[in-house]
Ligand code: HEM
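Residue numbers (our numbering): 133 to 509.
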């Protein structure tokens with residue numbers, strides 16, 4: 133009698149491997165970059181609950197180097213894509229309207245009551261396989277880039293942008309940099325037995341989260357997105373830790389298509405924006421207690437304990453976005469949580485790793501494509 137459970141085990145392992153590669157970047161064996169600069173690694177804010185893990189800066193460099201090698205190998209023939217979230221449904225023009233009245237504790241950084249920012253929003257699938265059909269389960273990304281934001285940014289100096297990066301799930305599947313590194317080793321190993329080790333490396337909780345990140349959606353404008361990891365809001369004595377979320381203004385949901393095309397999420401975005409403007413709201417979730425941990429990206433800050441407050445409405449005007457020029461522009465954008473005012477400083481180990489990794493990966497793909505790497509104004 134055939135072991136009917138075996139295919140399920142294979143698909144569980146492959147779902148985990150692909151989900152882990154999607155969110156955290158795939159990787160080849162390491163080559164340690166000895167030239168890394170630990171001095172530029174983000175400092176921590178113990179008052180907001182941050183604490184450093186051992187060897188974080190070096191581990192971040194190792195992961196970044198490994199992803200660089202992987203991209204150089206995968207795209208040796210040219211046209212390098214993002215390592216994670218390479219498949220865009222589109223980059224759309226948007227307006228980010230901060231609400232006219234906000235409580236003082238939320239009116240910080242870019243959240244200036246009544247202010248409007250022009251913005252770009254890139255909707256994406258997380259899978260490292262840019263050719264994967266949209267109907268297959270995956271995590272979905274929404275990356276917002278506000279323009280003409282004055283003030284010195286944490287990276288990019290006087291660049292005029294503030295990025296908010298979200299996925300359609302409230303929590304991330306790992307916390308610890310060292311564990312992360314071993315997950316990458318397992319995921320990218322050519323050995324099936326190493327891949328079998330992934331659920332052990334992730335742990336039961338990480339495995340459950342990784343699996344629940346695999347979702348189906350019918351329209352990127354109708355999903356709900358979360359920052360997963362925390363950010364500072366404000367400066368000085370009244371600074372606090374918050375998370376972000378974005379969701380559609382209405383509860384309207386498109387049905388799943390009966391015969392979904394390969395890129396039906398791009399089609400859904402196109403069809404929606406051909407007919408009318410879209411509306412989303414942007415929410416902030418202040419941390420209400422020290423029991424909601426800043427260094428634990430795997431535990432949700434339950435809304436019952438820490439409510440979300442709307443701070444902005446996002447208008448995505450009726451538009452045609454699917455042109456070769458705009459798609460190329462979209463490809464060449466770089467989103468990172470560290471394109472940020474100090475008032476919105478990314479918090480926690482996952483974000484600290486991302487500072488090193490996103491910068492390096494973006495540089496590599498731009499260099500390989502001979503594309504200019506610059507923030508839009
Ligand atoms: C250590 C953990 C993580 C690693 C190593 C990682 C890695 C990456 C990499 C390499 C890219 C492509 C960057 C580029 O080429 O410009 C990327 C993009 C992205 N990541 Fe992560 N990521 C991590 C955590 C997260 C988390 C917690 C989120 C949750 C919001 C997230 C959401 C995204 C999204 C939405 C994009 C696409 C941005 C765009 O549209 O350009 N990542 N990630």
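Every residue, glycine too, gets a C-beta built ideally from N, C-alpha and C.
Residue i versus residue j: straight-line alpha-carbon distance, rounded
| i | j | result |
| --- | --- | --- |
| residue 218 | residue 372 | 33 Å |
| residue 272 | residue 170 | 32 Å |
| residue 357 | residue 209 | 34 Å |
| residue 506 | residue 240 | 26 Å |
| residue 496 | residue 474 | 26 Å |
| residue 481 | residue 304 | 12 Å |
| residue 137 | residue 399 | Here the model assigns residue 137 a pLDDT of 33, short of 50, so the residue's position is not dependable and the matter cannot be decided. |
| residue 332 | residue 245 | 47 Å |
| residue 364 | residue 430 | 18 Å |
| residue 492 | residue 498 | 10 Å |
| residue 376 | residue 359 | 5 Å |
| residue 215 | residue 260 | 6 Å |
| residue 226 | residue 466 | 17 Å |
| residue 111 | residue 419 | With the chain covering 133 to 509 only, the question about residue 111 has no answer from this structure. |
| residue 290 | residue 282 | 8 Å |
| residue 454 | residue 178 | 45 Å |
| residue 200 | residue 487 | 15 Å |
| residue 176 | residue 461 | 34 Å |
| residue 185 | residue 312 | 12 Å |
| residue 91 | residue 348 | Absent from the model: residue 91. The displayed extent of the chain is 133 to 509, so no value can be given. |
| residue 437 | residue 459 | 41 Å |
| residue 344 | residue 302 | 10 Å |
| residue 228 | residue 274 | 14 Å |
For residue i, the three-state DSSP class (helix, strand or coil)
| i | result |
| --- | --- |
| residue 372 | strand |
| residue 270 | strand |
| residue 230 | strand |
| residue 197 | helix |
| residue 208 | coil |
| residue 224 | strand |
| residue 248 | strand |
| residue 172 | helix |
| residue 316 | helix |
| residue 490 | helix |
| residue 159 | Because residue 159 sits at a pLDDT of 40, beneath the cut-off of 50, its placement in the model cannot be relied upon, and the point is left open. |
| residue 178 | helix |
| residue 164 | For residue 164, the pLDDT reaches just 37, beneath the cut-off of 50, and the residue's location in the model is therefore unreliable, leaving the point undetermined. |
| residue 392 | coil |
| residue 331 | helix |
| residue 235 | coil |
| residue 478 | strand |
| residue 458 | helix |
| residue 214 | coil |
| residue 430 | coil |
| residue 408 | coil |
| residue 423 | coil |
| residue 403 | helix |
| residue 324 | helix |
| residue 342 | helix |
| residue 398 | helix |
| residue 265 | coil |
In DSSP terms, what residue i is bridged to
| i | result |
| --- | --- |
| residue 413 | 379 and 445 |
| residue 347 | 270 |
| residue 294 | 278 |
| residue 256 | 220 and 273 |
| residue 365 | 372 |
| residue 287 | In DSSP, residue 287 forms no bridge with anything. |
| residue 185 | Answer is none; residue 185 lacks a bridge partner. |
| residue 525 | The chain is shown from 133 up to 509; residue 525 falls before or after that span and cannot be answered. |
| residue 387 | According to DSSP, which records beta bridges pairwise, residue 387 is partnered with nothing at all. |
| residue 358 | 299 and 377 |
Beta-carbon proximity of residue i to residue j, cut-off 7 Å
| i | j | result |
| --- | --- | --- |
| residue 490 | residue 468 | yes |
| residue 452 | residue 417 | no |
| residue 255 | residue 276 | no |
| residue 352 | residue 191 | no |
| residue 412 | residue 383 | no |
| residue 355 | residue 300 | yes |
| residue 443 | residue 396 | no |
| residue 472 | residue 294 | yes |
| residue 502 | residue 464 | no |
| residue 258 | residue 394 | no |
| residue 426 | residue 182 | yes |
| residue 362 | residue 479 | yes |
| residue 346 | residue 269 | yes |
| residue 280 | residue 292 | yes |
| residue 338 | residue 380 | no |
| residue 457 | residue 405 | no |
| residue 509 | residue 286 | no |
Near the ligand ATP: residue i beta-carbon under 6 Å from a heavy atom
| i | result |
| --- | --- |
| residue 489 | Although the ligand ATP was asked about, the structure shown includes only the ligand HEM as ligands. |
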